[in-house]
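Using this note's numbering, read the sequence shown as starting at 1003 and increasing by one per residue. For glycine and all other residues, C-beta sits at the position ideal for the given N, C-alpha and C. The structure displayed is predicted, hence computed values, not measured ones. Report on one structure; see the data block that follows.
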Amino acid sequence: MNIHLSSALGLVLCAGLAACSTTKDAGELTQKNVEYTCGTDGQQALSVQYTFQGNEPIGAKVVYKDQAIDLNRETSGKADIVGNTFKGNGYTWSTQKFTLENVGSVSGDMLTQDGTQTVNGNKVAVSNILAKQCKVRS
C-alpha cells in the first residue's frame, strides 16, 4: 500500500513539474526587436529592442538616426491604460498596448524629445516630435 501511494505521489509531482516547465516564468527577461516605418510616407526608419519581464514590457532601446536611446516603461498614474509609454534621457516613445505575444504586430505612435521654446519672453517646456505614425515594417 505504501509503495502504491509513493508511486502515485511521484507521478503527480512529475506531472506538476512538467506543467511548470512549459509556462513562462514571470521573472524571466526576454528581448524582442521590432522594425518600424514612420511618417505619412513611411520613409523614416525606427528600430526598437523591447525588454520584457514575463509577458510585460519594462524597457525599450530605440534606435533612431544612428542614435540608441534607452527608455524605461512609465507605469505611474494612468500612463499605461491605453498604450505603452517609455521615457528616459529626455525622450518619450509611445505605442499602442502590446504584450510579448503581439509586439511584432502592434503600431507605435510617436517618438518625442523634450525641449524648450520661448513664448512671450517665457521659456516653456515642449515635446518636439521626431517620428510619428509608426507602423510595424512588413
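Given this structure, state the Cα-to-Cα distance separating residue i from residue j, to the nearest angstrom.
| i | j | result |
| --- | --- | --- |
| Y1093 | T1077 | 16 Å |
| N1104 | K1067 | 26 Å |
| Q1046 | K1134 | 9 Å |
| V1121 | V1128 | 11 Å |
| G1106 | P1059 | 13 Å |
| C1136 | L1113 | 9 Å |
| V1069 | K1063 | Position check: residue 1069 holds Gln in this sequence, whereas Val was assumed. Rounded to the nearest angstrom, the two C-alpha atoms are 10 Å apart. |
| G1061 | G1041 | 23 Å |
| Y1038 | L1031 | 23 Å |
| Q1098 | V1084 | 7 Å |
| S1140 | G1029 | 31 Å |
| T1025 | V1138 | Unreliable positioning characterises T1025 in this predicted model, as indicated by a pLDDT of 44, which lies under 50. A coordinate reading is not provided. |
| Q1119 | N1057 | 39 Å |
Is it right to say residue i is buried, meaning 16 or more other beta carbons lie within 10 angstroms of its own, or is it exposed?
| i | result |
| --- | --- |
| V1050 | buried |
| L1048 | buried |
| G1044 | exposed |
| S1096 | buried |
| C1071 | Sequence check: residue 1071 is Ile here, not Cys. It is buried - the Cβ of I1071 has at least 16 other Cβ atoms within 10 Å. |
| V1126 | exposed |
For residue i, which of the options has the nearest alpha-carbon?
| i | options | result |
| --- | --- | --- |
| Q1055 | Y1038, C1040, T1114 and K1034 | K1034 |
| D1111 | F1100, G1117 and T1120 | F1100 |
| N1086 | K1125, S1109, N1130 and A1070 | S1109 |
| I1131 | G1117, F1088 and T1032 | G1117 |
| N1074 | K1089, S1140 and T1039 | K1089 |
| Q1115 | S1140, G1123, N1057 and N1091 | N1091 |
Next item on the list: Kindly provide the ranges of any alpha helix (DSSP H) runs that are 4 or more residues long and lie completely inside the region 1025-1070, ordered along the chain.
Entry: Counting only runs of 4 or more, we get nothing.
Margin query: Quick check for students: name the residue ranges of the alpha helix (DSSP H) that lie wholly in the region 1073-1101, counting only runs of 4 or more.
Written below: none
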